[in-house]
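Step one of this worksheet: look at the structure below.
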Amino acid sequence: MIGVHRETIKSIILFVLVVSSAILTYMVWSYQPEFSQIDTSIESTSNTGQGEPLPFDSVMRAYQLIWVDGENARGTIEEEAVVGVREFLDGTRIRDINVYNNMNRLNPTVKEDGSEEFLIVDYPSEMPAKSLFQILGFEYEETLPDYKFDRIVVDIASPQVVFYMLNESLDRVAVAKTDIESDYLLSIVNDYEGSFEDYTGIITNQQTANNKTAIYGPDAPGEVSVMRFLSTQISIDNMNDILFMEDDVSVSQNENVYVYEAENGLATYNTDTYNYVYTNLNESLSSERDPHRTIQRSFNFLNSHIGLAPEHILFDYEEEGNQSTYRYTLNGYAVFSDEIATTVTTKYGSNALFEYERPLLYINAQVPSEEAEELARLEDVRYEIALNDELDLQKVSKITIGYNMRFSEEQTELNLVNFTPEWYVKYDGEWLRYNEGGLH
């Protein structure tokens, strides 16, 4: 009797287990999780390590264009406008050009109502006039003077356009008379009117005391978006293979710096800053002082090695070391960093490249971000610098908005990089970040 009950109980337990298993199986197969909706879209963008060869006019371009009409000043950094206007100048004929060792010749035409109307084209540092005329496709009969400039004042109130090319010290001006009809150029500028915003001209010293030599920037930029990107590292081995070619390379390490040595070359790589520097041991710095020719040589080297992206601009040229510096830009703003290398630099020797320096970190995808940074008014930046006892306002030659590139504080295996908008000041020849009245 007991055995019969025991079998009955076993059958009931087995039945319950079978039914439970069937119910659990159904729940697993029919389960649909409820996820809250998260924006995970990633927007592709070009990177600094790969791409196609670029035309020279892609990298030699101004960083801002200002339109002064009487008492009103408006400006833009949008590449479409800055580059778009100049594309209509191809084939322009230079009727006359002269260089003067004072600024008295800087006298754009005054209109009948007593006002002036001119454009200002600003470059980040002095550039050779020959390089400018090459990208503009200008035609001229006489030998072009060996002249460097960082600003062009374009007189559009006279019947034909006149270029006034100013050097950075604001003590020389080259006057170039053209065959461009001013009305024609003005009609081109009008096509881009929607990209212009209110700009202010500020005075920092005696040389910047008028509306043609003042330092211009956005009057009240307000909130500017913080950009966020994923980053990727360029292969060190690939860089070494390209530059050392068939040489046998030995490697050593000193803390965060790797050193690669061969018979004909030497390279270092800093794992903290992602900065890579290659030196050609068969070359030495040249005594040649032809900036236009040297810039062309360095550009040709970088182009043949796909060393530049369309977002790079020729940011600086130092004649003393035949050094060309290209800086990455984002949305028209130059990119700086206190912790990551951000420029591609070359030094050219007598017959070939002497030194090549570049970051081995590039951005390859944008991550959505709703952050923004409130920027001070330009006049407030000038005022705070003037109040700082450790700074000399007279040493300020340019002020612009740029991006500060830093790794995200919320760092993950994705290597997120933030681009935060900041004011940047060219102070005593060096670009520094403005922060709470000081420069860093």
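Reading the sequence shown from the start, the letters are residues 7 to 446 in the working numbering.
The beta carbon of each residue, even a glycine, is placed where N, CA and C say it ideally should be.
Residue i - partner residues in DSSP beta bridges
i	result
E436	Y433
P427	Y409
M251	Bridge partners of M251: none, in fact.
E229	E380
H318	Y334
I124	In the sequence on display, residue 124 carries Phe and not Ile. Note: F124 sits in a beta bridge opposite V74, D161.
T219	The partner list for T219 (beta bridge, DSSP) is empty, contrary to what the question assumes.
T351	T331, E363
E145	R99
P224	Y205
G444	N441
A358	The partner list for A358 (beta bridge, DSSP) is empty, contrary to what the question assumes.
N104	V181
Where the beta strand (DSSP E) containing residue i begins and where it ends
i	result
A79	78 to 82
Q166	166 to 172
D75	70 to 75
G271	271 to 276
S292	Run containing S292: none; DSSP gives neither H nor E here.
G90	It is not in any beta strand (DSSP E) - G90 instead sits in the alpha helix (DSSP H) that spans 85 to 92.
E415	It is not in any beta strand (DSSP E) - E415 carries neither H nor E in the DSSP assignment.
T285	281 to 286
E267	263 to 267
CA nearest to the CA of residue i, picked from the options
i	options	result
G90	A347, D253, S193	S193
L336	R439, L112, F235	F235
S188	T115, K154, E174	T115
V423	E345, W437, D156, L138	E345
Y282	N370, E361, L172	E361
F202	E145, R178, L125, P134	L125
E123	G76, L397, P130, P134	G76
S403	I248, V167, L176	L176
Q166	R101, R364, N306, N78	R101
S414	I407, F425, G408, E324	F425
Residue i vs residue j beta-carbon contact at 7 Å
i	j	result
Q213	D128	no
Y275	A347	no
F321	R303	no
N394	G443	yes
L112	Y198	no
G228	L384	no
E132	D156	yes
N246	Y266	yes
L287	G271	yes
I209	L366	no
I312	A182	no
G338	I83	yes
Exposure label - residue i; buried when at least 16 CB within 10 Å
i	result
A358	exposed
H446	exposed
S47	With a pLDDT of 31 at S47, under the threshold of 50, the predicted position of this residue should be treated as unreliable, though the coordinate-derived value follows. Label assigned to S47: exposed.
S50	For S50, the pLDDT reaches just 32, beneath the cut-off of 50, and the residue's location in the model is therefore unreliable, leaving the point undetermined.
P427	buried
N410	buried
Y430	buried
W437	buried
R99	exposed
R388	buried
M66	buried
Q400	exposed
S258	exposed
M233	buried
R295	exposed
T184	buried
T31	Only weak support is given to the placement of T31: the predicted model assigns it a pLDDT of 31, under 50, and the value that follows is read from those uncertain coordinates. The residue in question, T31, is exposed, as its Cβ has fewer than 16 Cβ neighbours within 10 Å.
T149	exposed
G97	exposed
G207	buried
E317	buried
R92	buried
Y354	buried
For residue i, the first and last residue of its enclosing alpha helix (DSSP H)
i	result
Q140	135 to 142
Y389	384 to 393
D185	Taken as a continuous stretch (DSSP letters only), D185 belongs to no alpha helix (DSSP H), being part of the beta strand (DSSP E) at 179 to 187.
D63	62 to 65
N448	Any answer about residue 448 is impossible in this case: the structure gives the chain only from 7 up to 446.
Beta carbon proximity, residue i to chain D, threshold 7 Å
i	result
I162	Protein chains in the displayed structure number just one, and chain D is not present.
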